[in-house]
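>
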Amino acid sequence: MRLLGKMIEVAAVLTLFILVIMTIAAVIMRYCFHMPLQWTEEVSGLLMIWVVMFGAVVAERDNTHLSIPFLADALTPRVQRVLTLFVSLISIVLLSVMAWSAWKLAAGTAFKTTQILKISWFWIDIAVTVGAIGIACFTALHLIKKTLRKEGE
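Numbering (this note's numbering), first residue to last: 6 to 158.
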C-alpha cells in the first residue's frame, strides 16, 4: 500500500504540474500571440478532476482530511474508538456506493466524446471511481491499524 500511495502522490503532482504549465501556455498564447489554444479547456477540466481525486486519496493516506476533533476529544478513549469505527465503516460504505455509481456513469458515457479532442467521457468520469476506491482502501487500512492498536496507546 505504501508504494501505491507514493505512486498516487507522484501522479497527483505530475497532473497538477501539467495542468499549471498548460494553463500558463494557454494564457500566453491567447494574450501575447492572439492564438488561443482551444483544446486546453477540455484537457484542464479532465486534469482538474484527476488532480482532485488523486489529492483526496493522498489526503486520506496521510490522514489529513479536515476534521473537528473537539467533540471527539471530550469523549472517553473507548467511545472515541467506537466512534472512529462507526465513522470509518460509514465512510467505506458511502465511498463504495459513490464508486459504483461513478462506474455506472462512466460506463454509460463511454460512447460520448468531448467536442474538440474527442476524448471519451469515460476517462473523465472514471476519475471519481478511482478516487473513491483509493480513499476507501486507505480508510480501511487506517481502520485496521487503529483496531489492532491497544486501547492505551
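Backbone N, C-alpha and C fix where the C-beta goes; we use that ideal spot for every residue, glycine too. Nothing here was measured: the structure is a model prediction, and the numbers come from that model.
I need the straight-line Cα distance from Val-135 to Met-58, nearest angstrom please.
8 angstroms
> Please state if the CB of Ile-140 and the CB of Ala-61 are separated by a distance shorter than 8 angstroms.
yes
> With DSSP collapsed to three states, give me the class of Ser-72.
coil
> If we ignore side chains and look at the alpha-carbon of each, how far apart do Phe-38 and Val-48 end up?
21 angstroms
> Under the DSSP definition of a beta bridge, which residues are partnered with Thr-118?
Ser-125
> Suppose the cutoff is 7 angstroms on Cβ atoms and the five residues either side in sequence are ignored; what does the same chain contact list for Gln-85 look like?
Ala-77
> Going by other Cβ atoms of all chains shown within 10 Å of its Cβ, with 16 needed for buried, is Leu-52 buried or exposed?
buried
> Can you tell me whether Arg-154 is helix, strand or coil according to DSSP?
coil
> Is the CB-CB distance between Met-151 and Thr-89 below 8 angstroms?
The amino acid occupying residue 151 in the given sequence is Lys; Met does not appear at that position. It is a contact, given that the beta carbons lie within the stated cut-off.
> Going by beta-carbon coordinates alone, are Val-56 and Leu-24 separated by less than 8 angstroms?
yes
> When the distance is taken between beta carbons, is Arg-83 closer than 8 angstroms to Gly-10?
no
> Measuring CB to CB, does Trp-126 end up less than 8 angstroms from Ala-115?
yes
> Throw me the rounded Cβ distance for the Ala-107 and Asp-130 pair, which I believe falls under 8 angstroms.
6 angstroms
> Go to Gln-85, then tell me how far its alpha helix (DSSP H) extends in each direction, as first and last residue.
82 to 113
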